[in-house]
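See below for the structure under consideration.
2 protein chains.
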Amino acid sequence: MQRLIDHFQQYLPLNDEEKELIITRARPRKIRRRQMILQEGFVCKHYSFVLEGCFRMFAVDQKGVEHNVEFVAENGWISDIGSFHAQKPSQLFIEAIEASEIIQIEQQDLYHLYINIPKLDRIFKVIIENKFIELQNRMLQNISATAQQRYLHFLAQYQHLATRLPNTQIASYLGITPEFLSKIRKDLSDH
Amino acid sequence: MQRLIDHFQQYLPLNDEEKELIITRARPRKIRRRQMILQEGFVCKHYSFVLEGCFRMFAVDQKGVEHNVEFVAENGWISDIGSFHAQKPSQLFIEAIEASEIIQIEQQDLYHLYINIPKLDRIFKVIIENKFIELQNRMLQNISATAQQRYLHFLAQYQHLATRLPNTQIASYLGITPEFLSKIRKDLSDH
DNA sequence: AAATAGCCTTAATATATCTTAAGGGTAAAT
DNA sequence: ATTTACCCTTAAGATATATTAAGGCTATTT
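Protein chains in written order, with our numbering: chain A, 34 to 224; chain B, 34 to 224.
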């Protein structure tokens with residue numbers, strides 16, 4: 034739990050009372066590999082902070098094909114924010130790619146924390162701003178770069194993830210088929 | 034200026050003192066068509082709230098081709114958030130597509146407002162959460178849908194924009210060439 | 001140890017999208 | 001009123017990426 038407090042304090046210091054309140058509203062949880070913490074059709078109940086392990090958020094299209102929207106590993110937050118705030122059924126899945134440990138905060142608890150610790154508004158504002166910047170960069174890549182360039186960019190920016198993920202998951206994140214990623218990798222290795 | 038206050042009050046009520054402070058720190062400005070309010074290589078100095086008109090944020094690739102990252106029209110915010118907060122040179126341009134009126138807040142002013150009106154942390158947290166959700170949906174479309182599906186989705190979600198934008202700008206936003214968009218439109222009109 | 005399932009690769013063929021080139025239409029600039 | 005610049009379209013040929021099918025390799029599972 035200290036890890037979560039430390040995480041928040043990277044943004045702003047907290048006093049003991051604030052730390053205590055956060056601790057009462059957050060719950061640690063172990064997740065097995067392949068376990069889902071969100072499924073399509075259900076409301077996203079939590080904001081989840083990843084202590085150990087790795088998750089993917091994905092959608093399934095009409096043909097049943099999965100598309101990875103996001104990966105989140107250590108010290109990152111994952112949630113379907115739209116579903117969480119609107120309390121509407123999600124169209125997304127969140128699945129553990131590895132055995133993981135997380136800390137979860139439920140919606141009412143998070144709202145309670147926001148009211149009693151206004152600093153958290155600031156902290157989460159910055160957290161989401163950073164996620165937005167990252168996503169906007171990825172979007173720019175997607176509309177302007179070839180699949181090979183996107184793959185190289187992914188390797189450079191997310192080395193820590195790239196080595197832990199099967200290529201098939203990376204392909205889904207890049208928006209290409211595993212077969213085509215395989216071709217890209219061959220072309221690269223042939224210099 | 035009242036428009037900005039009203040905008041904030043859609044999220045949370047403000048008292049007179051808060052309104053007054055915001056007004057002293059925000060500046061209205063008229064922008065001509067094609068005028069740039071941010072250019073590559075410069076630090077993004079402002080958060081800009083659009084009263085009237087329409088802007089695009091775009092990047093220029095090595096070949097000199099422009100890629101539209103985002104459109105923002107009435108009651109939306111536009112800024113290169115990364116450049117703004119880090120005070121680092123931007124890689125993006127922001128240009129008025131129509132003659133426009135905006136209200137701008139400089140970095141130091143916004144930070145001053147955040148400190149003196151903690152509510153604004155909450156308000157901007159929600160604003161950016163909504164932008165994030167929108168962008169994540171677009172990202173999902175981009176990795177999972179064909180150009181035709183993306184175009185139809187764009188028309189459905191942004192009718193108000195679609196009719197005001199030249200197709201060449203829409204094509205750039207969708208990540209396709211104008212020629213291919215033209216073909217898509219023909220295929221659609223042939224049912 | 002065998003069987004199963006997931007992952008990675010290869011290659012042939014098909015489809016989506018880009019490039020280049022050209023022409024016509026319309027709005028802004030002179 | 002003419003010119004210029006921008007925008008939209010069409011089409012042929014090129015390239016990027018998807019689809020299908022097959023085979024091999026590992027790590028589980030039986």
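Beta carbons: idealized from backbone N, C-alpha and C, even for Gly.
All of these numbers come straight from a predicted model, not from anything done at the bench.
Opposing strand residues paired with Ala129(B) [DSSP bridges] = Counting from 1 along the second sequence, the entry for residue 129(B) is found at position 96. Under DSSP, Ala129(B) forms a beta bridge with Phe88(B).
Interface partners of Phe82(A) on chain B, CB under 8 Å | As a position in the first sequence, residue 82(A) is number 49, starting the count at 1. By Cβ distance, chain B contributes nothing, its closest Cβ being about 17 Å from Phe82(A), past 8 Å.
Any C-beta of chain A under 8 Å from that of Ser112(B) | Residue 112(B) sits at position 79 when you count from the first residue of the second sequence. For Ser112(B), the answer is no, since every Cβ of chain A falls outside 8 Å of its Cβ.
Secondary structure at Ser81(B), three-state DSSP: helix, strand or coil?
-> Against the second sequence, residue 81(B) aligns to sequence position 48. For Ser81(B), the secondary structure class from DSSP, reduced to helix, strand or coil, is strand.
Best match in Tyr144(B), Phe82(B) and Tyr206(B) for proximity to Gln120(B) [C-alpha to C-alpha] = The residue you call residue 120(B) lines up with position 87 of the second sequence. The residue among Tyr144(B), Phe82(B) and Tyr206(B) with its C-alpha nearest the C-alpha of Gln120(B) is Tyr144(B).
Cross-chain neighbours of Arg155(A) in chain B, by beta carbon under 9 Å = For this step, residue 155(A) is matched to residue 122 along the first sequence. Chain-ordered, the chain B residues with CB closer than 9 Å to the CB of Arg155(A) read Tyr147, Pro151, Asp154, Arg155 and Lys158.
What residues of chain A sit near Phe165(B), judged by a beta carbon separation below 8 Å?
-> As a position in the second sequence, residue 165(B) is number 132, starting the count at 1. For Phe165(B), the C-beta contacts it makes with chain A under 8 Å involve Ile114, Ile161, Lys164, Phe165 and Leu168, in order along the chain.
Distance between Asp154(B) and Gln140(B) (C-alpha atoms, nearest Å) | Working through the second sequence from its first residue, we reach residue 140(B) at position 107. Working through the second sequence from its first residue, we reach residue 154(B) at position 121. Gln140(B) and Asp154(B): Cα-Cα distance of roughly 14 Å.
Within this structure, are the beta carbons of His79(A) and Gln137(A) separated by less than 8 Å?
-> Taking the first residue of the first sequence as 1, we reach residue 79(A) at position 46. Taking the first residue of the first sequence as 1, we reach residue 137(A) at position 104. For the pair His79(A) and Gln137(A), the CB atoms are nearer than the 8 Å cut-off.
Contacts that Leu173(B) makes with chain A (C-beta to C-beta distance below 7 Å) | Along the second sequence, one-based indexing puts residue 173(B) at 140. Ala92, His100 and Val102, listed in chain order.
Val98(B) - partner residues in DSSP beta bridges = Counting from 1 along the second sequence, the entry for residue 98(B) is found at position 65. In the DSSP secondary-structure assignment, Val98(B) is not bridged to any residue.
For Arg36(A), which of helix, strand or coil comes out of DSSP?
-> Here the question's residue 36(A) lines up with position 3 in the first sequence. Three-state result, Arg36(A): helix.
Where the stretch 177-192 of chain A meets chain B: residues whose CB sits under 7 Å from a CB there | Along the stretch 177-192 of chain A, the positions whose C-beta sits under 7 Å from a C-beta of chain B are Ser177, read in chain order.
Select from Arg197(B), Ile127(B), Asp142(B) and Val98(B) the residue whose C-alpha is nearest the C-alpha of Met90(B).
-> Here the question's residue 90(B) lines up with position 57 in the second sequence. Measuring from the Cα of Met90(B), the nearest candidate turns out to be Ile127(B).
Can you find a C-beta in chain A that's less than 8 Å from the C-beta of Gly208(B)?
-> On the second sequence, position 175 is the one that residue 208(B) refers to. Under the Cβ distance rule, Gly208(B) counts among the residues neighbouring chain A, one pair being separated by less than 8 Å.
Hey, would you say Val105(B) sits closer than 8 Å to Val76(B), going by beta carbons?
-> Here residue 105(B) is taken as the residue at index 72 of the second sequence, counted from 1. Here residue 76(B) is taken as the residue at index 43 of the second sequence, counted from 1. Not in contact: Val105(B) and Val76(B) (Cβ atoms no closer than 8 Å).
What are the start and end residues of the beta strand (DSSP E) that includes Pro61(B)?
-> The count along the second sequence starts at 1 and reaches residue 61(B) at position 28. Looking at the DSSP string, the run of the beta strand (DSSP E) that includes Pro61(B) is Ala59 to Ile64.
Give the straight-line distance between the Cα atoms of Leu71(B) and Phe165(A), rounded to the nearest whole angstrom.
-> Indexing the second sequence from 1 puts residue 71(B) at position 38. Indexing the first sequence from 1 puts residue 165(A) at position 132. Rounded to whole angstroms, Leu71(B) to Phe165(A) spans 19 Å at the Cα level.
To the nearest whole angstrom, what separates the beta carbons of Ile111(A) and Ser81(A), a pair I think is in contact under 8 Å?
-> As a first step, residue 111(A) must be located in the first sequence, where it is residue number 78. As a first step, residue 81(A) must be located in the first sequence, where it is residue number 48. Indeed they touch by this definition, with Cβ atoms about 5 Å apart.
Label Met172(A) either buried or exposed according to how many other C-beta atoms from any shown protein chain fall within 10 Å of its C-beta, with 16 as the threshold for buried.
-> Working through the first sequence from its first residue, we reach residue 172(A) at position 139. Counting the other CB atoms within 10 Å of its CB gives Met172(A) a total of 16 or more, which places it among the buried residues.
Backbone CA spacing between Leu214(A) and His193(A) [nearest angstrom] = What you label residue 214(A) is simply residue 181 of the first sequence in a count that begins at 1. What you label residue 193(A) is simply residue 160 of the first sequence in a count that begins at 1. The alpha-carbon atoms of Leu214(A) and His193(A) are separated by roughly 19 Å.
Buried or exposed: where does Asp94(A) fall if 16 or more other Cβ atoms within 10 Å of its Cβ makes it buried?
-> Position 61 of the first sequence, counting from 1, holds the residue named residue 94(A). By the neighbour-count rule (16 or more Cβ atoms within 10 Å), Asp94(A) is not buried but exposed.
Can you name the start and end residues of the alpha helix (DSSP H) that Leu168(A) belongs to?
-> Counting from one through the first sequence, the residue named residue 168(A) turns up at place 135. Lys152 to Ser177 is the span of the alpha helix (DSSP H), which, as asked, contains Leu168(A).
On the three-state DSSP scale, how would you describe Phe41(B)?
-> Along the second sequence, one-based indexing puts residue 41(B) at 8. Phe41(B) falls in the helix class under three-state DSSP.
Looking at C-alpha atoms only, which residue of Arg218(B), Thr179(B), Glu162(B) and Tyr184(B) is the closest neighbour of Ser116(A)?
-> Taking the first sequence and counting its residues from 1, one reaches residue 116(A) at position 83. Comparing alpha-carbon positions, the option among Arg218(B), Thr179(B), Glu162(B) and Tyr184(B) lying closest to Ser116(A) turns out to be Glu162(B).
Neighbourhood of Met69(A) by C-beta distance below 7 Å, restricted to the same chain and skipping five residues each side | Position 36 of the first sequence, counting from 1, holds the residue named residue 69(A). Listed in chain order, the non-local C-beta contacts of Met69(A) below 7 Å within the same chain comprise Phe126, Ile127 and Glu128, local neighbours out to five positions each way being set aside.
Hey, out of Cys87(A), Glu53(A) and Ser177(A), whose CA is closest to Arg197(A)'s CA?
-> For the purposes of this step, residue 197(A) is taken as residue 164 along the first sequence, with counting starting at 1. Nearest Cα to Arg197(A) within the set Cys87(A), Glu53(A) and Ser177(A): Cys87(A).
Could you check where the alpha helix (DSSP H) with Ile217(A) kicks off and where it finishes?
-> Along the first sequence, read from residue 1 onward, the residue named residue 217(A) stands at position 184. Counted as a single uninterrupted DSSP element, the alpha helix (DSSP H) harbouring Ile217(A) occupies residues Pro211 to Ser222.
For the beta strand (DSSP E) holding Leu194(A), just list the boundary residues, first then last.
-> Within the first sequence, the letter at position 161 stands for residue 194(A). Premise fails: Leu194(A) lies in the alpha helix (DSSP H), Gln192 to Ala195, not in any beta strand (DSSP E).
Buried/exposed call for Asp223(A), threshold 16 Cβ in 10 Å = For this step, residue 223(A) is matched to residue 190 along the first sequence. Burial state of Asp223(A) is exposed, judged by a 10 Å Cβ sphere holding fewer than 16 other Cβ atoms.
Return the residue from the list Asn200(A), Tyr147(A) and Ile217(A) that minimises the CA-CA distance to Val159(B).
-> Here residue 159(B) is taken as the residue at index 126 of the second sequence, counted from 1. Nearest option by C-alpha distance: Tyr147(A).
Based on Cα-Cα distance, which residue from Asn149(B), His186(B), Ile135(B) and Tyr184(B) lies nearest to Arg36(B)?
-> Counting from 1 along the second sequence, the entry for residue 36(B) is found at position 3. Closest by alpha carbon: Ile135(B).
Could you give the residue range of the beta strand (DSSP E) that holds Leu71(B)?
-> Translated into the one-based positions of the second sequence, residue 71(B) becomes position 38. Unbroken beta strand (DSSP E) run through Leu71(B): Met69 to Leu71.
Alpha-carbon spacing of Gly208(B) relative to Met34(B), whole angstroms | As a position in the second sequence, residue 208(B) is number 175, starting the count at 1. As a position in the second sequence, residue 34(B) is number 1, starting the count at 1. So the alpha carbons of these two residues sit roughly 36 Å apart.
Can Gln124(A) and Leu168(B) be called in contact, C-beta distance under 8 Å?
-> Sequence index remark: in the first sequence, residue 124(A) carries index 91 (1-based). Sequence index remark: in the second sequence, residue 168(B) carries index 135 (1-based). Between Gln124(A) and Leu168(B), the CB-CB gap reaches or exceeds 8 Å.
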